[in-house]
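Novice:
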Amino acid sequence: MAPLKIPPELKRITQYIRRAEELDNDKTKPESRLVAYYCRQYAVQSGISLAKSDASRNCLGDILAELEKEKEPMSAFSKEEAYVVSRKFAVDVFDKADAEDRGGVANKGTAKTFYAAAVFLEVLEQFDDVSEEDIKENKQKRIYAKWKATEILKAIKEGREILPGGY
1192 MAPLKIPPEL
1202 KRITQYIRRA
1212 EELDNDKTKP
1222 ESRLVAYYCR
1232 QYAVQSGISL
1242 AKSDASRNCL
1252 GDILAELEKE
1262 KEPMSAFSKE
1272 EAYVVSRKFA
1282 VDVFDKADAE
1292 DRGGVANKGT
1302 AKTFYAAAVF
1312 LEVLEQFDDV
1322 SEEDIKENKQ
1332 KRIYAKWKAT
1342 EILKAIKEGR
1352 EILPGGY
């Protein structure tokens, strides 16, 4: 399936849609389909207030149509189960990037993995009834992942050593 064309005024939701499209192609993990669904749902929630043009509204309509196709299979999961699966997925992606970084083998791929983890952690914000501890940890990991992705890419661009670890 070709990537969805997203109008400029909906640029902010592109990251969620691209992650969902990547997960659509991942047949190795059964949870990918669920996480893709919630990435699209978060994109729609985030995009509604941004959609001013017909092109933007049509784009959101296309995403909603995709969500509607997945609605029945996704209804097998309660919201709480969906959160647990989505959070585990996001944390696993984060941990993969963090292990590469702390192992001293960070590269551009590691930066992309950190960035993807940040997106998946942000998608978790749509879930209600989440413990304060989870909210705090998700936010810390998201901020760190964005920072670390930027740090790795800057180090590569500047030709300097990528320092493992955090702030």
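Position in the sequence shown (from 1) plus 1191 gives the number in our numbering. Ideal placement from N, C-alpha and C gives every residue a C-beta, glycine not left out.
(1) In three-state DSSP terms, what is PHE1285?
(2) Could you tell me whether the segment 1275-1293 touches the segment 1308-1319, where touching means 3 or more Cβ pairs closer than 8 Å?
(3) Do the segment 1230-1246 and the segment 1285-1301 make contact, defined as three or more Cβ pairs closer than 8 Å?
(4) For the alpha helix (DSSP H) containing ALA1346, list its first residue and its last residue.
(5) Can you tell me whether DSSP reads PRO1264 as helix, strand or coil?
(6) ALA1297 and ILE1343 - do their beta-carbons sit closer together than 9 Å?
(7) Any idea what DSSP makes of ALA1297, helix, strand or coil?
(8) Going by C-alpha distance, which of LYS1220, VAL1226, ILE1347 is nearest VAL1275?
(9) Please confirm whether SER1277 and GLU1200 have their CB atoms less than 9 Å apart.
(10) What whole-angstrom Cβ distance do PRO1198 and CYS1250 have, given they're in contact under 8 Å?
(11) Within this structure, are the beta carbons of MET1265 and TYR1228 separated by less than 9 Å?
(12) Assuming contact is defined by CB atoms lying nearer than 9 Å, are ASP1292 and PHE1305 in contact in what I supplied?
(13) Indicate the three-state DSSP secondary structure (helix, strand or coil) for ASP1217 in the structure shown.
(14) Under the rule that 16 or more other beta-carbon atoms within 10 Å means buried, what is GLN1331, buried or exposed?
Specialist: Looking at the atomic coordinates:
(1) helix
(2) yes
(3) No, because fewer than three Cβ pairs between the segment 1230-1246 and the segment 1285-1301 fall closer than 8 Å, the two stretches do not touch.
(4) 1323-1349
(5) In this structure, PRO1264 counts as helix in the three-state DSSP scheme.
(6) yes
(7) coil
(8) When only C-alpha atoms are compared, the closest one is VAL1226.
(9) no
(10) Confirmed, Cβ separation roughly 6 Å.
(11) yes
(12) yes
(13) coil
(14) exposed
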